[in-house]
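Participant: Add 166 to a position in the sequence shown, counting from 1, and you land on the number used in my numbering. Take a look at the following structure, please.
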Amino acid sequence: MTAKQIAIIGGGPAGLMAAEVLSSSGHAVTVYDGMPTFGRKFLLAGKSGLNITHSEDYQRFATRFGAASDRLRTALDAFTPADVQAWASSLGTETFTGTSGRVFPTVMKASPLLRAWLKRLEAQGVKLMTRHRWTGFADDGLTFDTPNGLTTLHSDATLLALGGASWPRLGADGGWVPLLRDKGVGIADLQPANCGFDVDWSDVFKDRFAGAPLKSVATTSDAGTFPGEFVISRHGIEGSLVYAHSAALRDRLARQGTATLIVDLAPGRNAERLMKDLSRQDGKVSFSNRLRKGAGLEGVKAALVRELGSQAALNDPAQLALLIKALPIPVTRPRPIAEAISSAGGIRFDAVDERYMLKALPGVFAAGEMLDWEAPTGGYLLTACFATGRAAAAGINQWLKSQV
Ligand SMILES: Cc1cc2nc3c(=O)[nH]c(=O)nc-3n(C[C@H](O)[C@H](O)[C@H](O)COP(=O)(O)OP(=O)(O)OC[C@H]3O[C@@H](n4cnc5c(N)ncnc54)[C@H](O)[C@@H]3O)c2cc1C
């Protein structure tokens, strides 16, 4: 096939991965990004210990993408977690598996990997254009806002890899949603994923405990029961254990208007034992002392029981034991998408074909977080962005061949 002009808009993990595949196929690839540098969210992800993929059994791994798991399967099969590690290694970044099964670069950050990646792409002939903000379609071309004013560019095929809408100051702000909706592309509203939640704490509780971690607890929602820790914030609750429940809590809030995260504050003891230990406490000593001696709870855990328990429950050992084992935290709404780790929603899978081409816009493809899938934290997000970037690139190759 003769070399074609390919425009990739969005220089995050999905767009750069597609650029790698398409330039290897001999095409003239240009990656455009609205920001002054590429991969800003990838770099930020690296600030908190880049979690590049996950080592769990692949059959389980492939189910982590909720309703989109089946649809993503072909892309994931073609670029598995083992492939992600081999790819990082080919760029000089070795990885290791943490005790949780999460896979990290040994240097724990993204910058050396991104630097080596951009260098390799340029060596393969990829043109990297920053400060080119895509603004839509006109005259059969793509329009960009650039430092030299508005410009229209033409390509033989285009990949959109514009990300979701979390952390908008890093470049991905969901500004593409109305541009594609106008063209008849089906898009599910972008929503916060892997996010914190608001809780109506009393002023006394939040003034005293905002920032306090709740360690060694178990939490339950429609998503299941998971052990770990989370943090009390001024607004409510946040941290990786809350993120694990965020899709379930968000969806229940949308369905029913209310949702609760159930917290077991003493996972090592059963309710019966707790009740006996609490019953043995002298009713004349303070509640805090009874809770500390009878249940081993103090600090933020004790304050949380006091904050959420009714007076009757606090005074009755049997009710108190049950409360400690299953304390319901009522959440009122997810934190705004700008604060979330990732986005749910995006271009619906029925709006793209098997090649990741938009059915409403032949020759225009999409990949990465702008597609309608979500996954927990743990390396699943980046793996699916890499995998869909590669799958869309393969789709572009296929489509270009079918055009000759
Ligand atoms: C704090 C934080 C920590 C994270 N940690 C992890 C982790 O450890 N592991 C993991 O798997 N995932 C992690 N993620 C998620 C992961 O970073 C994202 O899922 C991933 O970067 C999405 O890749 P993408 O290529 O689809 O989009 P993005 O990385 O968002 O890239 C999209 C690009 O498109 C550009 N763009 C957007 N609109 C336009 C436009 N109109 N014109 C031109 N350019 C445009 C943006 O500037 C951006 O460079 C984390 C996210 C955050 C916020």
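Backbone N, C-alpha and C fix where the C-beta goes; we use that ideal spot for every residue, glycine too.
Leaving out five residues on either side along the sequence, give the residues of the same chain with a beta carbon under 6 Å from the beta carbon of L547.
Facilitator: Counting only Cβ-Cβ distances below 6 Å, and skipping sequence neighbours, we find S508, A541.
Participant: What are the boundary residues of the beta strand (DSSP E) that Y198 is part of?
Facilitator: Run containing Y198: 194-198, per the beta strand (DSSP E) assignment.
Participant: Mind checking whether the beta-carbon of T246 lies closer than 8 Å to any heavy atom of ligand 1?
Facilitator: Checking the Cβ of T246 against ligand 1 gives no.
Participant: Taking the alpha carbon of S568 as the point to measure from, which residue in P528, M536, I218 has its own alpha carbon closest?
Facilitator: Ranking the options by Cα distance to S568, first place goes to P528.
Participant: In its own chain, which residues sit with a C-beta less than 7 Å from the C-beta of L330, not counting the 5 before and 5 after it?
Facilitator: The residue asked about is misnamed: residue 330 is Gly in this sequence, not Leu. Excluding residues within five positions, the ones whose Cβ falls inside 7 Å are A338, G340, L356, S508, S509, G512, E535, M536.
Participant: Taking the Cβ atom as the reference point for each residue, do D322 and L566 lie within a distance shorter than 9 Å?
Facilitator: Result yes, Cβ atoms of D322 and L566 sit closer than 9 Å.
Participant: Give the DSSP bridge partners of R268, in chain order.
Facilitator: DSSP, once it has assigned bridges, lists H220 as partnering R268.
Participant: At 4 residues or longer, and completely inside the region 300-387: list those alpha helix (DSSP H) runs for me, N to C.
Facilitator: As far as the region 300-387 is concerned, its whole alpha helix (DSSP H) runs of at least 4 residues are 342-347, 369-375.
Participant: Where does F204 fall in DSSP's three states?
Facilitator: DSSP places F204 in coil when its eight states are reduced to three.
Participant: DSSP has K571 in a bridge; who is on the other side?
Facilitator: Absent from the model: residue 571. The displayed extent of the chain is 167 to 570, so no value can be given.
Participant: Quick one: is N481 buried, meaning 16 or more other Cβ sit within 10 Å of its Cβ, or exposed?
Facilitator: With fewer than 16 other Cβ atoms within 10 Å, it is exposed.
Participant: When you compare only the Cα positions, how much space is there between T543 and S406?
Facilitator: Each residue's alpha carbon lies about 8 Å from the other.
Participant: Only counting the same chain, and skipping five residues up and downstream in sequence, which positions put a Cβ closer than 8 Å to that of A254?
Facilitator: Closer than 8 Å at the Cβ level, and outside the excluded window around A254, lie I218, E260, T261, P271, L279.
Participant: Exposed or buried, V370, counting other C-beta atoms within 10 Å across all chains shown (16 or more means buried)?
Facilitator: Result: exposed.
Participant: Can you tell me whether DSSP reads V408 as helix, strand or coil?
Facilitator: In the structure shown, V408 sits in a helix (DSSP, three-state: H, G or I).
Participant: Identify, in the order they occur along the chain, each residue of the same chain with its Cβ nearer than 6 Å to the Cβ of G307, setting aside the five sequence neighbours on each side.
Facilitator: T318, L319, H320.
Participant: Do you know how far the Cα of V397 is from the Cα of S382?
Facilitator: So the two alpha carbons sit approximately 12 Å from each other.
Participant: Does the distance from the CB of K213 to the CB of W333 come in under 9 Å?
Facilitator: No, Cβ-Cβ distance for K213 and W333 is not below 9 Å.
Participant: When DSSP labels each residue in this structure, what does A510 get in the three-state scheme?
Facilitator: Looking at A510 - three-state DSSP - the assignment turns out to be strand.
Participant: Rounded C-beta distance between A413 and F392? I'm assuming under 8 Å.
Facilitator: In fact, because the Cβ distance is near 13 Å, the residues do not count as touching under 8 Å.
Participant: Contact defined as beta carbons within less than 8 Å: I believe L209 pairs with S277. What is the distance between those atoms, to the nearest angstrom?
Facilitator: Confirmed, Cβ separation roughly 6 Å.
Participant: Helix, strand or coil for L431? Go by DSSP, reduced to three states.
Facilitator: In the structure shown, L431 sits in coil (DSSP, three-state: anything other than H, G, I, E or B).
Participant: Using beta-carbon positions only, say whether V451 and L427 come within less than 9 Å of one another.
Facilitator: Not closer than 9 Å, so no.
Participant: How about V197 and L216: are their beta carbons less than 9 Å apart?
Facilitator: Result no, Cβ atoms of V197 and L216 do not sit closer than 9 Å.
Participant: Which partner residues does L524 have in the DSSP bridge list?
Facilitator: DSSP output for L524 lists V518 as bridge partner(s).
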